[in-house]
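In my numbering, the protein residues as written are 6 to 144.
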């Protein structure tokens, strides 16, 4: 039983380390640009509070030996469930506005993406016009 607890603790530590790195990247991808720094700072504050509170939960053994493990397990379980409602951000532009962030949460394309696509088409048309005008001037 002691080895099982040790292995579980080590796996949990590896998971927490991975989660901290993934959380940093994911939160910067999902928050709109206009409030990104504030929300990342708030995320860091709550992470620090969790770091402070977690050693205190270990002292709750007076409620039962497995009480701290149960509390951590419930928190991990609900965190895992939340990941099913979070949007996929691979290959999508960073949201600039709250509307873009809402569209990202709904799974639809953001208006910024369409603006960028239209801008690329317009840039290509301008280049073609410049080339054709320079060819006409040289002829």
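Note that beta-carbon positions come from the ideal geometry of N, C-alpha and C, so glycine has one too.
Out of curiosity, what's the CA-to-CA distance linking residue 133 and residue 85?
51 Å
Under 8 Å by Cβ, that's how I've got residue 34 and residue 102 pegged, so tell me the actual separation to the nearest angstrom.
Rounded, the Cβ-Cβ distance is 15 Å, inconsistent with contact.
Residue 130 by DSSP, collapsed to three states: which one?
It is helical.
Any chance you could list the alpha helix (DSSP H) runs of at least 4 consecutive residues sitting entirely within the region 53–96, in chain order?
72–87
Under 6 Å Cβ to Cβ from residue 116, same chain only, skipping five residues before and after it: list those, please.
Its pLDDT being 47, under 50, residue 116 is placed unreliably in this model, and the value from its coordinates should be taken loosely. So no residue of the chain qualifies.
What residues in its chain sit with their C-beta under 8 Å from that of residue 100, if we drop five residues either side in the sequence?
35, 36, 37, 38, 106, 108, 109, 115 and 117
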